[in-house]
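Taking our numbering, the leading residue of the sequence shown gets 343, the next gets one more, and so forth.
Here is the structure we will look at.
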Amino acid sequence: MGHLADIYVIKKSRSKQLGIDFLNQFLPLNSESADEYSIPQYSVSPVQNFDKAHDLMTYLESNNQYAQSIYWQNLNKQDRNKHGMIFYTEDGCMIFGISRYVDSRKDEKEFLKGMKYFFHAEMGYIDHENPPVDSYEEFIERVKQLE
Numbered sequence: 343m344g345h346l347a348d349i350y351v352i353k354k355s356r357s358k359q360l361g362i363d364f365l366n367q368f369l370p371l372n373s374e375s376a377d378e379y380s381i382p383q384y385s386v387s388p389v390q391n392f393d394k395a396h397d398l399m400t401y402l403e404s405n406n407q408y409a410q411s412i413y414w415q416n417l418n419k420q421d422r423n424k425h426g427m428i429f430y431t432e433d434g435c436m437i438f439g440i441s442r443y444v445d446s447r448k449d450e451k452e453f454l455k456g457m458k459y460f461f462h463a464e465m466g467y468i469d470h471e472n473p474p475v476d477s478y479e480e481f482i483e484r485v486k487q488l489e
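So, in structure tokens, the structure goes:
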């Protein structure tokens with residue numbers, strides 16, 4: 343029986359183009375899950391507000407001190423990739439995530455291998471119903487825990 347797996351890789355980058363490439367590759371038919379984004383995220387008194395994820399991504403590319411989470415849903419209901427996520431960390435990285443319907447642990451591992459290949463990334467991990475960690479250092483620790 344299948345299940346949803348959250349598959350994450352990390353890059354030491356804030357490249358908007360990398361985010362666009364991620365969406366084009368893994369979630370080409372998508373819709374943003376939020377109507378508005380604030381800097382800082384969840385702030386009562388934000389310094390910036392954005393209506394579109396692409397504008398936010400442009401801002402975050404050159405303002406790497408802010409943490410932010412952006413989610414997209416897949417509009418192609420037959421696709422196994424159900425949601426795409428980019429988590430911007432306060433240490434200047436991007437964590438890319440796919441919530442994917444998988445049939446087995448082998449399927450999870452194969453998809454992680456494909457994501458690592460796409461991003462030229464050495465590290466990634468699989469989780470279930472959990473957001474990723476908050477920094478590059480924590481990501482490394484999480485990968486080590488799961489080995």
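Think of the CB as a built atom: it goes at the ideal place given N, C-alpha and C, for glycine as much as any other residue.
If you're wondering where the values come from, they're calculated on a predicted model, not measured in any experiment.
First and last residue of the uninterrupted alpha helix (DSSP H) at residue i
| i | result |
| --- | --- |
| Ser404 | 395-404 |
| Glu450 | 447-461 |
| Tyr408 | Element bounds for Tyr408: n/a, residue is neither H nor E. |
| Lys424 | Unbroken run through Lys424 is the beta strand (DSSP E), 423-430; no alpha helix (DSSP H). |
| Glu317 | Outside the displayed range of the chain (343 to 489) lies residue 317, so it cannot be described from this structure. |
Own chain partners of residue i with C-beta closer than 6 Å, once the 5 adjacent residues on each side are dropped
| i | result |
| --- | --- |
| Phe481 | Ile352, Val475 |
| Gln390 | Ile381 |
| Gly361 | Met399, Ile428 |
| Cys435 | Ile352, Lys354, Tyr478 |
| Phe364 | Phe438 |
Contacting residues, own chain, Cβ-Cβ under 7 Å from residue i (five flanking each side not counted)
| i | result |
| --- | --- |
| Arg484 | Tyr467, Val475 |
| Thr431 | Ala409, Ile437, Asp476, Ser477, Tyr478 |
| Lys358 | Met399, Thr400, Glu403 |
| Phe461 | Val351, Lys353, Phe438 |
Extent of the continuous beta strand (DSSP E) run through residue i
| i | result |
| --- | --- |
| Val444 | 436-444 |
| Gly466 | 466-469 |
8 Å contact criterion, which residue i and residue j should meet: CB distance rounded
| i | j | result |
| --- | --- | --- |
| Phe429 | Ile437 | 4 Å |
| Arg356 | Asn406 | 5 Å |
| Ser375 | Tyr413 | 4 Å |
Other residues of its chain near residue i: CB distance less than 8 Å, five sequence neighbours each side excluded
| i | result |
| --- | --- |
| Asn416 | Leu369, Leu371, Asn372, Asn423, Lys424, His425, Gly426 |
| Glu378 | Asn391, Phe392, Asp393 |
| Val444 | Gly344, His345, Leu346, Ala347, Arg422, Glu450, Phe453 |
| Ala463 | Val351, Ile352, Lys353, Met457 |
| Ser411 | Gln383, Met427, Ile428, Phe429, Tyr430, Pro473 |
| Ala395 | Glu374, Ala376, Tyr379, Ile412, Trp414 |
Residue-chain proximity (residue i, chain C), Cβ-Cβ < 7 Å
| i | result |
| --- | --- |
| Lys354 | The structure shown contains no chain C; it holds only a single protein chain. |
Exercise for review: Decide if the segment 370-383 is in contact with the segment 445-458; the criterion is three or more beta carbon pairs, one per stretch, under 8 Å apart.
Suggested key: no
Check your understanding: With contact counted as at least three CB pairs below 8 Å, one residue from each stretch, are the segment 458-478 and the segment 386-406 in contact?
Key -> no
Practice item. Quick one: which unbroken beta strand (DSSP E) runs of 3-plus residues sit fully inside the segment 354-398? Chain order, please. Key: Segments of the beta strand (DSSP E) lying fully in the segment 354-398: 372-374, 379-381, 390-392.
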